[in-house]
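Peer 1: Heads up, the sequence shown is in my numbering, so the first residue is 12 and it goes up one at a time. For glycine and all other residues, C-beta sits at the position ideal for the given N, C-alpha and C.
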Amino acid sequence: MLRTYSDVKKVITSGGTVVSILEGYLSAIQKKKNLNIFLEVFEDSAKEKAFLVDKKIKAGSAGRLAGMVIGIKDNLCYKDHNVSSSSKILEGFESLFTATAIERLLEEDAIIIGRLNCDEFAMGSSNENSAFGPVLNPIDESYVPGGSSGGSAAAVSAGLCTAALGSDTGGSIRQPASFSGVYGLKPTYGRVSRHGLIAYASSFDQIGPLTNSIDDAALLLEVMAGKDEHDSTVSTKPVEKYTEVLVSKKQRVAIIKESYEMEGNDPEIKLAIDKVILGLKKQGHIVDLVSFPYLDYMVPVYYVLTTAEASSNLSRFDGVHYGYRSKKAKGIEEVYKKSRSEGFGPEVKRRIMAGTFVLSHGYYDAYYTKGQKVRRVIQDKTKEIFGKYDVIVLPTTPTTAFKLNAVSDPISMCLQDIYTVHANLSGNPAISNPIGKHTNGMPFGIQVIGDFFKEKEMLNFCRELEKINMNL
Ligand code: GLN
Numbered sequence: 012m013l014r015t016y017s018d019v020k021k022v023i024t025s026g027g028t029v030v031s032i033l034e035g036y037l038s039a040i041q042k043k044k045n046l047n048i049f050l051e052v053f054e055d056s057a058k059e060k061a062f063l064v065d066k067k068i069k070a071g072s073a074g075r076l077a078g079m080v081i082g083i084k085d086n087l088c089y090k091d092h093n094v095s096s097s098s099k100i101l102e103g104f105e106s107l108f109t110a111t112a113i114e115r116l117l118e119e120d121a122i123i124i125g126r127l128n129c130d131e132f133a134m135g136s137s138n139e140n141s142a143f144g145p146v147l148n149p150i151d152e153s154y155v156p157g158g159s160s161g162g163s164a165a166a167v168s169a170g171l172c173t174a175a176l177g178s179d180t181g182g183s184i185r186q187p188a189s190f191s192g193v194y195g196l197k198p199t200y201g202r203v204s205r206h207g208l209i210a211y212a213s214s215f216d217q218i219g220p221l222t223n224s225i226d227d228a229a230l231l232l233e234v235m236a237g238k239d240e241h242d243s244t245v246s247t248k249p250v251e252k253y254t255e256v257l258v259s260k261k262q263r264v265a266i267i268k269e270s271y272e273m274e275g276n277d278p279e280i281k282l283a284i285d286k287v288i289l290g291l292k293k294q295g296h297i298v299d300l301v302s303f304p305y306l307d308y309m310v311p312v313y314y315v316l317t318t319a320e321a322s323s324n325l326s327r328f329d330g331v332h333y334g335y336r337s338k339k340a341k342g343i344e345e346v347y348k349k350s351r352s353e354g355f356g357p358e359v360k361r362r363i364m365a366g367t368f369v370l371s372h373g374y375y376d377a378y379y380t381k382g383q384k385v386r387r388v389i390q391d392k393t394k395e396i397f398g399k400y401d402v403i404v405l406p407t408t409p410t411t412a413f414k415l416n417a418v419s420d421p422i423s424m425c426l427q428d429i430y431t432v433h434a435n436l437s438g439n440p441a442i443s444n445p446i447g448k449h450t451n452g453m454p455f456g457i458q459v460i461g462d463f464f465k466e467k468e469m470l471n472f473c474r475e476l477e478k479i480n481m482n483l
């Protein structure tokens, strides 16, 4: 199984073709069809591209990702290919243009193999909110893979592609990465263009890679990041060489006290954090428990602000502009009402209604304005921590993956995001690194949050983390 780009390159240097590498992944996808990971395999366009890349390799003109086979979350646009955000409302919709992030991968000769199942409009933590059925976790099929980029995490974990793209608004790259035993990186807000990403909450959303190695995450970020005239929120800061390994120097590491001491943490995850702390100290890093007294506010603020943005972003799906239109509707008002009622799933409707409420006249200040203020407090406190520390370390999630249908109430589902929403509220980059395996057989990750636009230092720190012997 070719799990990383270095595995792929070995095959190519020993004379293997990209076409044959692609065939390998295609047959692996066929064998794992029951996991419901791919909503669609782009067999024809992928084969066409693979054939072309083989020619370029022969001519010595291939790009930096030649032969890397990538799956994309079903909320990323790829021209002339379907995209649905795992929603009935967009079923059958074909992208009119390609997302900038994907365009850049293609320019470097990556192969896009297909679109991956996810929670509808990226709203969820288990991939059970997809209109096209849940994804099963390849490590144990009775478990969820996490969400909302559940298909992306499962595809990488099962070796169905070399890497995948996801989107992260409140943890949707990192949490499924943790549940599926892979790396998941959310860049700094504004590092990667959101052009061509179907918006959930525009001031939170970021595109990022899910991979089987730190090097692959670094490489993909390096290719995708950087200014883009199609997204005014993207930074013009020059893109660093994330793939370059820095000489490790002593790091100041902040462990968030409130998350470290949280009662709901699984004891085995807590033990792993203790081992990491010990290991980091042995490596000569300074590790301190640092208070971040806003943990209880994170999830509520996240939901006030993201639902507000979602209610606005999703107003464009009205049965007129895009996708699904109710056949039962008579007259324009019924077209809106019926198309939206029939087209959206229950979680999306819940969020649109919550968002409409927090933005409504009379409640706007009490919820939306207040939420913005709390977001600012969280941002300021995070900045303060980075005044004294290089990285923040905390669990990605309090528990491992749960079984399918095991979490049914929306509040418990929201609490999945307790440690991941921080980096979206503050805008910092963050990554989940696979760190251990629970006695229940499921993997779990540890999260590293970096300073603004310090992805390079953050990734380098993760390389240090990887050297810690967790078996001691
Ligand atoms: N699980 C979170 C939610 O349901 C995060 C979603 C995301 O990051 N897209 O909103």
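Whose CA, out of 174, 29, 325 and 201, lies closest to the CA of residue 249?
Peer 2: Per the Cα distances, 201.
Peer 1: Taking the alpha carbon of residue 352 as the reference point, which residue from 296, 115 and 336 has its own alpha carbon closest?
Peer 2: The shortest C-alpha separation from residue 352 is found at 336.
Peer 1: Quick check on residue 105: does DSSP put it in helix, strand or coil?
Peer 2: Correct three-state label for residue 105: strand.
Peer 1: I want to check one thing, is the minimum distance from the CB of residue 410 to the heavy atoms of ligand 1 below 6 Å?
Peer 2: Checking the Cβ of residue 410 against ligand 1 gives no.
Peer 1: Does residue 471 pass the burial test, meaning 16 or more other C-beta atoms within 10 Å, or should it be called exposed?
Peer 2: Buried, since its Cβ has 16 or more Cβ neighbours within 10 Å.
Peer 1: Judging by CA-CA distance, which residue of 151, 75, 434 and 242 is the nearest neighbour of residue 196?
Peer 2: Closest by alpha carbon: 434.
Peer 1: Hey, could you find the ends of the alpha helix (DSSP H) residue 386 is sitting in?
Peer 2: Residue 386 -> alpha helix (DSSP H) spans 381–399.
Peer 1: With 16 other CB atoms within 10 Å as the buried threshold, where does residue 320 fall?
Peer 2: With 16 or more Cβ atoms within 10 Å of its Cβ, residue 320 is classed as buried.
Peer 1: What's the C-alpha gap between residue 16 and residue 87?
Peer 2: Cα-Cα distance, rounded: 22 Å.
Peer 1: Check each candidate in 36, 39, 46 and 96 and name the one with the smallest Cα separation from residue 334.
Peer 2: Answer by Cα proximity: 96.
Peer 1: Can you give, in chain order, each stretch of the beta strand (DSSP E) that sits fully within the region 204–281 and has at least 3 residues?
Peer 2: Those beta strand (DSSP E) runs which fall completely within the region 204–281 and span 3+ residues are 217–222 and 263–267.
Peer 1: Can you tell me whether DSSP reads residue 125 as helix, strand or coil?
Peer 2: Strand, per DSSP.
Peer 1: Among 309, 47, 12 and 21, which residue has its Cα nearest to the Cα of residue 34?
Peer 2: Selected option, being the one with the closest Cα: 12.
Peer 1: Going by DSSP, what residue range makes up the beta strand (DSSP E) through residue 194?
Peer 2: Residues 194–197.
Peer 1: Within the continuous beta strand (DSSP E) that includes residue 427, where are the two ends?
Peer 2: It is not in any beta strand (DSSP E) - residue 427 carries neither H nor E in the DSSP assignment.
Peer 1: Three or more C-beta pairs under 8 Å: does that hold for the region 152–166 against the region 122–142?
Peer 2: Touching, yes.
Peer 1: Would residue 28 pass as an interface residue toward chain C - the criterion being a Cβ-Cβ separation below 7 Å?
Peer 2: No chain C is part of this structure, which consists of one protein chain only.
Peer 1: Spatial neighbours of residue 29 within its chain, please: C-beta separation below 6 Å, excluding the five flanking residues on both sides.
Peer 2: Closer than 6 Å at the Cβ level, and outside the excluded window around residue 29, lie 61, 64, 65 and 78.
Peer 1: Any heavy atom of ligand 1 closer than 6 Å to the beta-carbon of residue 443?
Peer 2: No, ligand 1 has no heavy atom inside 6 Å of this Cβ.
Peer 1: State the DSSP-derived secondary structure class of residue 328, mapped to helix, strand or coil.
Peer 2: Coil.
Peer 1: Give the DSSP-derived three-state secondary structure of residue 162 in the structure shown.
Peer 2: Note: residue 162 maps to helix in three-state DSSP.
Peer 1: Where residue 183 and residue 84 are concerned, what is the direct C-alpha to C-alpha distance, given to the nearest angstrom?
Peer 2: Rounded to whole angstroms, residue 183 to residue 84 spans 11 Å at the Cα level.
Peer 1: Which residue marks the beginning of the alpha helix (DSSP H) containing residue 187, and which one marks its end?
Peer 2: Its alpha helix (DSSP H) spans residues 185–191.
Peer 1: So does residue 136 have its beta carbon nearer than 6 Å to some heavy atom of ligand 1?
Peer 2: True, at least one ligand heavy atom lies under 6 Å from that Cβ.
Peer 1: Can you find the residues in the same chain that come closer than 6 Å, C-beta to C-beta, to residue 302, ignoring five residues on each side of it along the sequence?
Peer 2: The residues are 268.
Peer 1: Name, in chain order, the residues that DSSP records as bridge partners for residue 80.
Peer 2: The partner list for residue 80 (beta bridge, DSSP) reads 122.
Peer 1: Helix or strand or just coil, what does DSSP make of residue 532?
Peer 2: Not covered by the structure: residue 532. The range shown for the chain is 12 to 483.
Peer 1: Per DSSP, which residues does residue 456 bridge with? Please list them.
Peer 2: For residue 456, which the question treats as bridged, DSSP gives the partners 445.
Peer 1: Taking the C-alpha atoms as reference points, what is the distance between residue 453 and residue 245?
Peer 2: Rounded to whole angstroms, residue 453 to residue 245 spans 36 Å at the Cα level.
Peer 1: Buried or exposed, going by whether 16 or more other CB atoms sit within 10 Å of the CB of residue 258?
Peer 2: It is exposed - the Cβ of residue 258 has fewer than 16 other Cβ atoms within 10 Å.
Peer 1: Which term fits residue 41, buried or exposed, when burial requires 16 or more other beta carbons within 10 angstroms of its beta carbon?
Peer 2: Exposed, since its Cβ has fewer than 16 Cβ neighbours within 10 Å.
Peer 1: Going by DSSP, name the residue or residues bridged to residue 485.
Peer 2: Outside the shown range of the chain (12 to 483) lies residue 485, about which nothing can therefore be said.
Peer 1: Could you check whether the Cβ of residue 133 sits closer than 6 Å to any heavy atom belonging to ligand 1?
Peer 2: At least one heavy atom of ligand 1 is nearer than 6 Å to the Cβ of residue 133, so yes.
Peer 1: Consult DSSP for residue 346 and reduce its assignment to one of helix, strand or coil.
Peer 2: Correct three-state label for residue 346: helix.
Peer 1: If I follow the unbroken alpha helix (DSSP H) through residue 363, where does it start and stop?
Peer 2: Where residue 363 is concerned, the enclosing alpha helix (DSSP H) stretches over 357–369.
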